[in-house]
Amino acid sequence: DEAAIAVMAKLAKMRKESIDMFEKAGAAERAADEKFELALLEEYLPAKADEATVRGWITDAIADACPDGPNMKLMGKVMGALNKAHGKEIDNKAASAWVREMLQS
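Position one of the sequence shown corresponds to residue -12 (my numbering), numbered consecutively onward.
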């Protein structure tokens, strides 16, 4: 159900943040534990769209939000449109990096 998925998604996000922190602190064993827990959570979460698909959606969102061509000032508008249309299907952190990259090129 939606509530359970939302909770598991939040827990997965927390695990990803913990992995980053533990790796930066040199705590490889703790990071490995978090990666294990993340893998378990991800088994029960809906699959995210692959990079090529998300980049296609980003191209469409940029075309809609930036009629005069790519503009970094409109990144929030692009991300908003992307999240509205495909929010549950994308990894926001990766999508944000791809939007930034595509708006700068």
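Glycine residues also receive a C-beta, built at the ideal position from the N, C-alpha and C atoms.
In this text, all values refer to a predicted model and were calculated from it rather than measured experimentally.
Which residue's Cα is closest to the Cα of residue 68: 50, 55, 81, 80?
Comparing Cα-Cα distances from residue 68 to each of 50, 55, 81, 80, the minimum goes to 50.
In angstroms with no decimal places, state the Cα-to-Cα distance between residue 55 and residue 71.
So the two alpha carbons sit approximately 22 Å from each other.
Local Cβ density within 10 Å of residue 61, reported as buried at 16 or more and exposed below that
It is buried - the Cβ of residue 61 has at least 16 other Cβ atoms within 10 Å.
According to DSSP, is residue 92 helix, strand or coil?
Note: residue 92 maps to coil in three-state DSSP.
Close-in-space but distant-in-sequence residues of the same chain around residue 33 (CB under 8 Å, 5 per side omitted):
Hits under 8 Å: -8, 75, 76.
DSSP-derived helix/strand/coil call for residue 58:
Under the three-state reduction of DSSP output, residue 58 falls in the coil class, being neither helix nor strand.
Comparing alpha-carbon positions, which option in 90, 16, 25 lies nearest residue 47?
The shortest Cα separation from residue 47 among 90, 16, 25 belongs to 90.
Taking the continuous alpha helix (DSSP H) assigned at residue 76, which residues delimit it?
First-last for residue 76: undefined, no H or E at that position.
Beta-carbon contacts of residue 59 that lie in its chain and below 6 Å, excluding the five residues immediately before and after
Only residues of its own chain outside the window of five on either side were considered, and among them 90 have a CB closer than 6 Å to the CB of residue 59, listed in chain order.
What is the DSSP secondary structure of residue 43, reduced to helix, strand or coil?
Per DSSP, reduced to three states, the secondary structure at residue 43 is helical.
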